[in-house]
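First up is the structure itself, then whatever we jot down about it.
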Amino acid sequence: MAKTLTAKFPCVKHFIDYHDIDYHADDLKELFGCRIGSSEIGLGDNRRYWAVFYTGRKPNKAVIKALLDGANYTPMHDDEE
8 MAKTLTAKFP CVKHFIDYHD IDYHADDLKE LFGCRIGSSE IGLGDNRRYW AVFYTGRKPN
68 KAVIKALLDG ANYTPMHDDE E
């Protein structure tokens, strides 16, 4: 029996290796059969690289901030300050 997959975009996710961001975007493109954009956001305090994934145009900063807030993202703080 065939199943239909759905996903809500834009979304954010974190990775141990920043190279995995592109690999994940490629996997999403293959899975959903459409162009999935990605953009690295930065290093979180959990020492993981965060990225946003989207269809169409990259979301604006307010949308990305809301997604990050919902995912409990905290940017890595600089100990030298």
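Under this note's numbering, the first residue of the sequence shown is numbered 8, with each subsequent residue one higher. Backbone N, C-alpha and C define an ideal beta-carbon position, used for all residues, glycine too.
Local Cβ density within 10 Å of L12, reported as buried at 16 or more and exposed below that: Here residue 12 corresponds to residue number 5 of the sequence shown, with the count starting at 1. Answer is exposed; the Cβ neighbour count stays below 16.
For Y56, does the count of other Cβ atoms within 10 angstroms reach 16, so buried, or fall short, so exposed? The sequence position of residue 56 within the sequence shown is 49, counting from 1. Its Cβ being crowded by 16 or more others within 10 Å, Y56 is buried.
Whole angstroms is fine: what's the gap from A58's alpha carbon to K10's? To locate residue 58, count along the sequence shown from 1; it is residue 51. To locate residue 10, count along the sequence shown from 1; it is residue 3. Using only the alpha carbons, I get a separation of about 28 Å.
Count the other CB atoms, across all protein chains shown, that sit within 10 Å of the CB of A69; report buried if there are 16 or more and exposed otherwise. Numbered from 1 along the sequence shown, position 62 holds the residue referred to as residue 69. Per the 10 Å Cβ criterion, exposed.
Would you kindly report the start and end of the unbroken beta strand (DSSP E) that includes L50? For the purposes of this step, residue 50 is taken as residue 43 along the sequence shown, with counting starting at 1. Per DSSP, L50 is one residue of the beta strand (DSSP E) stretching across G44 to L50.
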